[in-house]
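Asker: In full-length UniProt numbering, the protein residues as written are 1 to 78.
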Amino acid sequence: MGKRKKATRKPTGPRRNEPLPSVFTCLFCNHEKAVSVKVDKKAGVGSLDCKICGQHFQCGINYLSAPVDVYAEWVDAA
């Protein structure tokens with residue numbers, strides 16, 4: 001007597017990575033989606049601005065940096 005055959009599953013397609021956010025919560029005024037981050041890779045500068053309280057931050061970046069990295073540096077500096 002042989003073993004029972006298992007039902008085969010169809011292979012799932014590749015998972016799509018969700019894009020990283022570029023809008024965050026402000027540390028100073030605590031408004032959600034108030035801080036927007038812009039990354040200029042040619043100039044090597046990342047800038048962050050709050051729409052509500054006007055907080056501004058700027059830091060140096062490299063070719064691997066993303067808006068999340070600029071926000072993390074701002075959190076560390078504050």
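Glycine included, each C-beta is placed from N, C-alpha and C at the ideal position.
Am I right that Phe24 and Tyr71 are in contact with their C-beta atoms under 8 Å? What's the rounded C-beta distance?
Answerer: Within the sequence shown, the letter at position 24 stands for residue 24. Within the sequence shown, the letter at position 71 stands for residue 71. Between Tyr71 and Phe24 the Cβ distance is about 5 Å, and since that is below 8 Å, they are a contact.
Asker: Can you find the residues in the same chain that come closer than 6 Å, C-beta to C-beta, to Ile52, ignoring five residues on each side of it along the sequence?
Answerer: In the sequence shown, the residue the question calls residue 52 occupies position 52. Result list for Ile52: Cys29, His31 and Ala34, in chain order.
Asker: Roughly how far, in whole angstroms, is the beta-carbon of Asp27 from the beta-carbon of Ala66, given that I think they are within contact range, below 8 Å?
Answerer: What you label residue 27 is simply residue 27 of the sequence shown in a count that begins at 1. What you label residue 66 is simply residue 66 of the sequence shown in a count that begins at 1. For the record, residue 27 in the displayed sequence is Leu; it is not Asp. Leu27 to Ala66, Cβ: 19 Å. No contact.
Asker: Compare the beta carbon distance of Pro21 and Val68 with 8 Å and say whether it is the shorter of the two.
Answerer: Indexing the sequence shown from 1 puts residue 21 at position 21. Indexing the sequence shown from 1 puts residue 68 at position 68. For Pro21 and Val68, yes; Cβs fall inside 8 Å.
Asker: Can you tell which of Pro11, Lys5 and Trp74 has its C-alpha closest to the C-alpha of Asp49?
Answerer: Along the sequence shown, one-based indexing puts residue 49 at 49. Checking every option, the nearest Cα to that of Asp49 belongs to Trp74.
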